[in-house]
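Numbering (the working numbering), first residue to last: 767 to 1716.
Written out below as structure tokens is the structure these notes cover.
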Amino acid sequence: MDGEEAKVIDARQLVRIEAVHRGFLYQHVYASICLLMAGGAGVERIIVEHDEDVEVVLPGRHIYVQIKTRQDDLASGDISGALDRFAEIRKAHADGDRAGEASFVIASNAAPNGRLKEKLAADDWPKDVTLHWPGGPKPEDPCLPVPPASVPDAIAGCSALAAGLPLGLLRPDTLTWKLASMVMYASAGAPPRTDHDFAREELPDLFEQLAVQMQELPTPPAPYRAQINEPALLGDDKVRIVSGLSGAGKTAWVAEAVVHAPLLVTYLDVVDMPGAALATAVAREVAGKMFGRASGKLGEIFLPGAIGLDMLGALSVKLGEEAMAAHVVIDNAHRVPPSDLEAIAARAPNLRILLLCQPGAAVTELEAKLGIKAETLNGWDEDTIAAALHDTGCQADFADCERLSRLTGGLPFYVINAAVVAAREYGGAIRGFCADVEAQTHIVETAQEVILKRAFESLSAEDRETVGVLSVADVPLSRDEAMNLLMGASGLDTKTAALRLKALPATGAMEMFGNSGLKIHDAIRVLAAADLGARGNEVEEKAKSALLRVMITSIREDWSIAKLGLLIRLFGQVGDARILVEFATDELFHEMGVWPEIEPYLLAIAASEEADPETRLWALDGLAFNDLRDGEAEPALERTNAMRALLEAHELGDDEWLACGMKRMLAFSRLGDADGVKAMSDEVEKRLPDKSEHRRVFRYNRAWALFKLDQREAAAEEATALVEEYYGVLGLTPGDVFGRNAPELRPLLPKDKDVTDTVKHLADTLDLLAQSVGQFSQRSAMTRIHAMKFYELAQAYNSLVRVGQDLVDEFVWVHDFTGAREILEKNVFPFIQAIGLVSWVLPVRALYAVVLAYCGDHGAAAAEVARLRPYEEAMPLGHRDAFQNQKKMIEDLRLHGGPPQRRVEIPAPLQALFDQRRGAPRAVEPRRKIGRNERCPCGSGKKYKQCHGR
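Here is the structure:
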């Protein structure tokens, strides 16, 4: 996520580290302001991080500035070290070790507190030491600014000064960031400023040099939105490749990164440049920037009669003599013959070359010649997409943003264009736009289609067919799976299918996932799918049927949510109603977060007069189950009315009747109809088969109905008895569960049969018991903890997250805010991320923001709220109201503080038991987009792209 936060061992240490780095940035911008003020103030030199934070050298005089940033008022203890340091420097001047007079300044963003003000006014305060602060006395020296109150104020003040320089189209804030980055580099004594020094006479040339450099590049978009895990611009590698489709934002990334780069960067766009001329162009551009105003050095590089590579070699030698390296960005490098780029890299070892390319055969050849692997820009994450859509006037929830990300690959230009089209043609509704694009019914051609169409149409007929067939899969396929799909859809033999796949990387249309998978790039799949559809329904249906066969085998060998979603769509598209109904009537299916994939098909089956009555009834049962899960009692009752009509009109079995009766009983309880519940309960009980598992399920549903009728004691009594029975069936006791996590419980389960349903039913009953005994009690908290463990064992992730939220509320109620945060970070977020439960993302993150505020981490809470705000308009009304209340609560906690953290002490023997039983803690990285090459949070040990990221 944008602004992502990794888990730390000591949160207070993180706060300290962040404060230190804010102080460094403040210091660098303060020094940049001094650089901009130097020309008119008679300054000879400005030195950074040498004897003091900033040293201003005037004729016959040195001003030493120590900079202090504080959240609260400045105290005497904050400056005692500075005064001691000043005394040492003062003595060096008095002893003649330093020339000229010395004066000293403490520049702070915070005003002095009362005691420090008294010291400033005292007779023994050093006469040569002055304290500067916002709102304090104006500095007497015109070379020093009034200290800004904050980092944003410092940036604004520096930009205001930069605006007064005659630098053409260079944006003032760009100059501010460039100067701050150069100050940072000089502070480290890095070449070319090993002396930490900026001389007055070089400043005009430096400003002009920066202006020229930035004018070569397109202006970064404002605001610039970072992509996922963006690579660093500068590095020590001699050659790097960043590869991405047109529209991936490569040039914008470079333009933004150069703004913050502490070194000069030469940018060349070689779109129309012959390869043979590139060496000369690189040599002239780099030499002009690095040595253009250094007398005689250009003549040493541009010798008479020298050709491009010779000039580059001479330039590299000169850079080596100066202990420097020059950074060069070559855009559209895929248009240059790889051999020319290889020659440039070999001849100029002191250049650091970054090649921006579009994927294809040129990149493959470059990787082979240079022995390197191309890096990629990974597109925007859902939060960034949401912010861009919001700024364009569109409405989208998290699932909509994820859907648009799949359609565009998250590539910035395509996302922005989609937003513009949606705002103009769909009233800002991203959901409608995505639905039309997926169905190929949109009437306005997107920029993505226009840009990529040319590249797609230039492919050979065979490559286009291959890309089109593979585009029906929106999950990575193994090499064998892709070959089977091609053979089944296009009638190819094994050898031909293998040759087709071998040729595909050179087209730039395919993404590779290590050695384990391949997929057509999301941005190209829209075009490829349209091309496949244009070949006729028979061709498209054949490809989907072939993929269905492949996925049925694949999901048995390597299950994932993404594959399940694809399988559901395929069954729906080929019209296999029976399989879809089997999915919908499996309780665990409703835990997987893929209900939106199957619901349209079930609605069609339930309404179809041609479908057989039994299939229609079970489709209605699945729909009613989901209605009840969502708290929608009236639609559920209507479904059961339709089920009763089918039962009365056709000779269906007892299982069908019991399904209808149970759903009606639960719907009546939701509506508060005690008589209806009693009547249906009696009727169902009479028809129950004499099997213990059937009776336990019925008793659970009856207890749940009693709970909804507010008969809590009766519900708790029945749930308590059921919990004991389920433990007995599993051969466990509550004591076995205590202190053990789910992985440690799994070996204790029966091994001679599948007990997944029993484990799920135990978890459901524990959850019901916790709700029945009343929230915010020791018993309910422990019961919920046990329920979460069994939900994890049953892979009932939707319920795990729901109960996890209830547990967080309990911990907050008893003021254990640290415990609440740990539940979210260790037990809730990992499953939301790994399984892809998109419907939970926003409510859980909003709850997390509240917990952060209770923990006193107000900056992180505010940042989370800011990331959620673009989704607000598209939230369902109830969620939006809850979010409004949560924002008010967070602001109130910031202004007035919250209750103190409860002190939690675990007796040593109990802690020892926990440590013995718990096993290794799950490694988690909460609240962020998971990189494709990172370990999957599910704990499988596989990379995310090879596991739940498929």
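Ideal Cβ positions, reconstructed from N, Cα and C, are used throughout, including at glycine.
As the structure is a prediction and not an experimental result, all values here were calculated from the model.
Sequence-distant partners of Leu1225 (beyond 5 residues in either direction) whose C-beta falls short of 8 Å from its own C-beta, in its chain, are Val1233, Thr1273 and Ala1275. Under the Cβ criterion (8 Å, minimum of three pairs), the region 1115–1135 does not count as touching the region 1157–1171.
Taking C-beta separations shorter than 6 Å and ignoring five residues to either side along the sequence, the partners of Met1056 in its chain run Ala1092, following chain order.
Only exposed fits Thr960, as fewer than 16 other CB atoms lie within 10 angstroms of its CB.
Residue burial annotation: Trp1606 is buried, with at least 16 other C-beta atoms found within 10 angstroms of its C-beta. In the structure shown, Asp963 adopts extended strand secondary structure according to DSSP, grouped into three states.
For Gln832, the enclosing beta strand (DSSP E) begins and ends at Arg827 to Lys834.
Three or more Cβ pairs closer than 8 Å define a contact, and the region 1113–1133 falls short of that threshold against the region 1600–1620. Separation of Ala1053 and Ile1119 (C-alpha to C-alpha, rounded to the nearest whole angstrom) is 15 Å. Inter-residue distance for Glu1638 and Ala1152 is about 10 Å (C-alpha atoms, whole angstroms).
Residue burial is scored here from C-beta neighbours: Gln1124 has at least 16 other C-beta atoms within 10 angstroms and is therefore classed as buried. Taking the Cβ atoms as the reference, Lys1308 lies roughly 15 Å from Met1317, outside the contact range of under 8 Å. Between Ser869 and Ile829, the gap from beta carbon to beta carbon is short of 7 Å.
A distance below 7 Å between beta-carbons, with the five flanking residues on each side excluded, links Phe1583 to the following residues of its chain, in chain order: Val1617, Tyr1620, Cys1621 and Gln1667. When C-alpha distances from Thr1531 are compared across Gly1570, Arg1462, Ile1598 and Arg1506, the shortest belongs to Arg1462. Burial is judged here by how many other beta carbons sit within 10 angstroms of a residue's own beta carbon; Asn1392 has at least 16 and is buried. Residue state for Asp1035 is assigned as strand, using DSSP reduced to three classes.
Straight across, the Cα-Cα distance linking Ala928 with Pro938 is about 5 Å. In its chain, beyond the 5 residues on either side, Ala1529, Ser1565 and Leu1566 have a beta carbon closer than 6 Å to the beta carbon of Tyr1557. Cβ contact annotation for Phe1179 (same chain, cutoff 7 Å, sequence separation greater than five): Gly1013, Gly1015 and Ala1213, in chain order. Its chain contains Val1347, Leu1368, Ile1371 and Ala1372 as the residues whose beta carbon lies nearer than 6 Å to that of Ala1385, once the 5 sequence neighbours on both sides are disregarded; these appear in chain order. Across the structure, Leu840 and Arg1660 are spaced so that their CA atoms are roughly 22 Å apart. When beta bridges are read from the DSSP output, Glu821 appears opposite Ile813 and Tyr830. Note on the region 1217–1242: whole alpha helix (DSSP H) runs with a minimum of 4 residues are 1227–1236, in chain order. Leu941 and Asp1202 have their C-alpha atoms roughly 44 Å apart. Scanning its chain for C-beta atoms nearer than 6 Å, with the 5 sequence neighbours on each side dropped, one finds around Ala1021 the residues Leu983, Pro984 and Pro986, in chain order.
By the C-beta density criterion, Val1450 is buried, having at least 16 other C-beta atoms within 10 angstroms. Our two residues, Ala1195 and Ala965, have alpha carbons roughly 56 Å apart in a direct line. For Ala1482, the secondary structure class from DSSP, reduced to helix, strand or coil, is helix. Linking Gly826 to Asp907 through their CA atoms gives a straight-line distance of about 14 Å. Using a Cβ-Cβ distance cut-off of 8 Å, the region 1348–1362 and the region 1386–1406 are in contact, since at least three pairs of beta carbons, one from each stretch, lie closer than that value. Separation of Arg1335 and Leu1293 (C-alpha to C-alpha, rounded to the nearest whole angstrom) is 19 Å. In the same chain as Met803, and ignoring 5 residues on each side of it, the C-beta atoms closer than 6 Å to its own belong to Cys909, in chain order. Cβ-Cβ distances below 7 Å link Ala1508 to Lys1555, Glu1558 and Leu1559 in the same chain, with the five nearest sequence neighbours on each side left out; the list follows chain order. With respect to Ala1162, Ala1640 sits close: the two C-beta atoms are nearer than 7 Å. In the DSSP assignment, the residues bridged to Pro878 are Leu840.
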